[in-house]
Amino acid sequence: MTEPINLEAEIASVRDAAERLKPYIRETPTVYSYTFSEILGSDVHLKLENLQRTGSFKVRGALNKILMLSDEERGRGLVAASAGNHAQGVALAAQLAGCGAKIVMPESTAITKVERTRGYGAEVVLYGANYDEAAAHAVELCEIEGRTAIHPFDDWAIIHGQGTVGLEIARQVPDVEAVILPIGGGGLIAGVALAMKALRPEVKIIGVQAEGASPMVQSIKEGEERIVENPKTLAEGIRVGKVGKRTFEVVRALVDRTLTVTESEIASAVVELLEKNKVVAEAAAVTPVAAMLAGKVRGGSTLVGVISGGNIDLSMLGRLIESGLSLRGTLYRLKLRVADEPGTLRRLLEAVESERGNILDVRHDREGWKVPVGSVDVDLVVELRNADAGPRIDARLREEGFEVMERQRRRLMN
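For the sequence shown, the residue numbers in the working numbering are 897 to 1310.
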């Protein structure tokens, strides 16, 4: 059985971390969301860690850890494994601390993330098909080259660094009643829980994981650490299969509730944040909003959702927006077979536009083996102004002599 958590000692460590980090990191804003407050009937605030240096909270823990190392430990060089935000956090932290860092990233890592990490001065090694293989190689580098490892979450210095987010929330929203956070390995929620429960023990701490990658939720339910084999979610920042030993103990002791959200709820939250709050956030970061909008959070009249990062590839952002729109019933896909004659495509598009359909994509195929000579298959993706627009477009196309072969609302994942 683990010893009880000494909150007095823990908050002292978090405050020390805040002083250590003060010259280097931003105190990110916590903004009031008028739209979400109206929808939910609560005062909803958003803590915007997407505006942090490197675009994520991760630099807080990484820098706190690195600044606490001895000169000898830093002098040996650092090593970390990551496919995303931890990589950039360690890279910038190493640069600020004046030491070298080698970051092992899976070979499938997007080139934009590789270049961002290199841009902060780190040496990037591409190795392995996934994070686990990259992490194993990072361990090998520690042994072969004598480097100092920087763990992404299961380290007290990392946890205390992330806990500085909680100090800021307590100052910025003094009447906060509940804080909702994403959970991956658990470093962020563990740190914020330590800070908040020391300062305001009555504040509820609520953690959110993706339904297909929920080791913390399962571990809390079972009362012991559980592993999720092959975790699946588009929220790659929280796509983990195993929680940390330290983070699990803190979450089990201090977090009031853990829950999951679906891929569809995540996609909808990305769109709602972007459209109604003008906030660009990665899929992992919107899970608190997803939980609130799905009616899964009833934490009080003043809520703070932590938007943990904004590092999202434009291609992924496009997919999530498309999925989010389709879930509203505003994205419509049509497949038609029309005569391959001059002016036919123009008539088709004009018919759709006459019912105020916004055409997002047009693809035509006249060479497929199933397409008869003299015909062309046309795929349209249309944004609808309202739920009634789909039937009106169908009717108008029939009036113009077009036959719809297939129609569907597109979803990213169930």
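We put the beta carbon where it would ideally sit given N, CA and C, even for glycine.
If you're wondering where the values come from, they're calculated on a predicted model, not measured in any experiment.
- Look at the beta carbons and you see the region 1232-1251 not touching the region 1199-1218: under three pairs across the two are nearer than 8 Å.
- The Cβ atoms of V1113 and T1156 lie closer than 7 Å to each other.
- Linking Q1058 to M964 through their CA atoms gives a straight-line distance of about 14 Å.
- Restricting attention to I1007, A1018, S1115 and I1101, the CA atom closest to the CA of A993 is found in A1018.
- The Cβ atoms of E1299 and A1247 lie no closer than 7 Å to each other.
- For the pair S1004 and N981, the CB atoms are not nearer than the 7 Å cut-off.
- In the DSSP secondary-structure assignment, P1078 is bridged to V1104.
- A direct Cα-to-Cα measurement between H941 and G1083 gives close to 21 Å.
- The count of Cβ pairs closer than 8 Å, one atom from the region 1012-1031 and one from the region 924-941, stays below three, leaving the stretches out of contact.
- The region 1040-1057 and the region 899-918 touch, with three or more beta-carbon pairs separated by less than 8 Å.
- Within the region 926-977, complete beta strand (DSSP E) segments of at least 3 residues are found at 926-928, 939-944 and 974-977, given in chain order.
- Taking a contact as a CB-CB distance under 8 Å, the pair I1101 and A1089 counts as one, their CB atoms being some 5 Å apart.
- One thing to note: A1180 has its Cβ within 7 Å of the Cβ of P1078.
- The beta carbon of L974 sits closer than 8 Å to those of I962, V986, A990, C995, G996, A997, K998, R1043, T1044, A1045 and I1046, all from its chain and outside the five residues before and after it, given in chain order.
- Sequence-distant Cβ neighbours of V1099 in its own chain, meaning closer than 7 Å and more than five residues away, are V1072, E1073, A1074, V1075 and M1092.
- Taking all protein chains shown into account, S1211 has fewer than 16 neighbouring C-beta atoms within 10 Å of its C-beta and is therefore exposed.
- Residue pairing for T1154: DSSP places it in a beta bridge opposite G1103.
- With respect to the C-alpha of L1227, the residue from V1069, R1281 and R1067 having the closest C-alpha is R1281.
- Looking at the backbone, the Cα of E1107 and that of E1251 are separated by about 38 Å.
- Straight-line spacing of the CA atoms in F1049 and G1081 works out to 6 Å.
- In the three-state DSSP reduction, H1033 falls in the helix class (H, G or I).
- For K1009, the three-state secondary structure derived from DSSP is helix.
- As computed with DSSP, I999 is found in a beta bridge with A976 and V1020.
- Between the alpha carbons of S978 and Y930 lies a distance of about 36 Å.
- Scanning D1028, Q984 and A1030 for the CA closest to the CA of R1014 turns up Q984.
- Going by DSSP, A1190 is part of no alpha helix (DSSP H) at all; its letter is neither H nor E.
- M1001 counts as buried, since no fewer than 16 other beta carbons sit within 10 angstroms of its beta carbon.
- Excluding its 5 nearest sequence neighbours in each direction, Q1304 has C-beta neighbours in its own chain below 6 Å: R1229, listed in chain order.
- Going by DSSP, E1279 is part of the beta strand (DSSP E) stretching over S1271 to E1279.
- Setting aside the 5 residues that flank it on each side, E945 is surrounded in the same chain by T924, S952, F953, V1061, V1202, I1203, S1204 and G1205, each with a C-beta closer than 7 Å to its C-beta; the list follows chain order.
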